[in-house]
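In what follows, a single structure is set out as structure tokens and then discussed.
Residue numbers (this note's numbering), protein chains in the order written: chain A, 86 to 199; chain B, 167 to 280.
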């Protein structure tokens, strides 16, 4: 089974721009979660999508948004980028049907905002 | 406030010894706790899950304990190898509410020296 695929691997943007990140989950997985990882804050939950619907949301501003397509692929968008948005963005997939499921992570997109 | 804490200092041990990593939490009553391994530039990889009613879980050279009285989980790697060098993350799901979103510690870096 192919793993979770995230593209692009690296991104450099400037303040004020917007960015779209993509995540393809493991085949058969219907849940995709997005996390932001920084050295000081660790992994911070952004949101979770299940069957094209946002099921859970973290405490991030509205500049962070996402969506999920019918094939379970997900995209995350960040508008009006700020320097503090520089981070590793990780997506994780799971079947989405259990409470105590393990997550399968992609390698992440390293975003640098200049 | 609610917190989940792991040893912030890196752990250096000699090959063949047992590594013990700590995860402490406050003001949570977690339904379960998970441990992940993360290598530089990669996403976390699931290792073990332990439920609130379980005291101990084992998988090959790995062992996790869960003490809900002490609000602590210990993660052990026996007969450690240089290939075990990585950052180890603990994550929990709070029991309260509709919470599928994991709360993460910052991780402990482990270096196993040959």
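A virtual CB, placed ideally from N, CA and C, is assigned to each residue, including glycine.
8 angstroms contact criterion, which residue i and residue j should meet: CB distance rounded
i: residue 197/A; j: residue 157/A; result: Not confirmed; about 28 angstroms, so no contact.
i: residue 178/B; j: residue 187/B; result: Not really, about 13 angstroms apart at Cβ, beyond 8 angstroms.
i: residue 198/B; j: residue 278/B; result: Rounded, the Cβ-Cβ distance is 27 angstroms, inconsistent with contact.
i: residue 239/B; j: residue 253/B; result: 16 angstroms between Cβ atoms; not a contact.
i: residue 144/B; j: residue 196/B; result: Only positions 167 to 280 of chain B appear in the structure, and residue 144/B is not among them; the question remains open.
i: residue 176/B; j: residue 246/B; result: About 14 angstroms; that fails the 8 angstroms criterion.
i: residue 231/B; j: residue 218/B; result: That pair is no contact at about 12 angstroms.
i: residue 270/B; j: residue 191/A; result: With 8 angstroms as the limit, residue 270/B and residue 191/A do not qualify as a contact, their Cβ atoms being about 16 angstroms apart.
Simplified DSSP state of residue i, which is helix, strand or coil
i: residue 172/A; result: strand
i: residue 245/B; result: coil
i: residue 205/B; result: coil
Spatially closest choice to residue i from the options, by CA coordinates
i: residue 163/A; options: 100/A, 88/A, 190/A, 90/A; result: 100/A
i: residue 106/A; options: 147/A, 96/A, 112/A, 113/A; result: 96/A
i: residue 108/A; options: 169/A, 179/A, 199/A; result: 179/A
i: residue 181/A; options: 133/A, 175/A, 88/A; result: 133/A
i: residue 213/B; options: 280/B, 206/B, 198/B, 202/B; result: 202/B
i: residue 137/A; options: 190/A, 183/A, 159/A; result: 159/A
i: residue 171/B; options: 251/B, 237/B, 231/B, 215/B; result: 237/B
i: residue 251/A; options: 130/A, 152/A, 135/A, 153/A; result: Any question about residue 251/A goes unanswered here, given that chain A covers just 86 to 199.
i: residue 194/B; options: 233/B, 185/B, 207/B, 221/B; result: 233/B
i: residue 165/A; options: 98/A, 190/A, 189/A; result: 98/A
i: residue 151/A; options: 120/A, 183/A, 189/A; result: 120/A
i: residue 112/A; options: 94/A, 89/A, 148/A, 128/A; result: 89/A
i: residue 118/A; options: 146/A, 195/A, 189/A, 92/A; result: 189/A
i: residue 267/B; options: 116/A, 110/A, 104/A, 149/A; result: 116/A
i: residue 229/B; options: 244/B, 235/B, 250/B; result: 244/B
Residues of the segment 178-209 of chain B whose Cβ lies closer than 9 angstroms to any Cβ of chain A, in chain order: 197, 198, 200, 202, 204, 207, 208, 209
Contact set between the segment 214-244 of chain B and chain A, restricted to residues whose Cβ is under 8 angstroms from the partner: 215, 217
Contact set between the segment 113-138 of chain A and chain B, restricted to residues whose Cβ is under 7 angstroms from the partner: 127, 128, 130, 133
At a CB distance below 8 angstroms, what residues from the segment 141-156 of chain A approach chain B? Give them in sequence order. 141, 143
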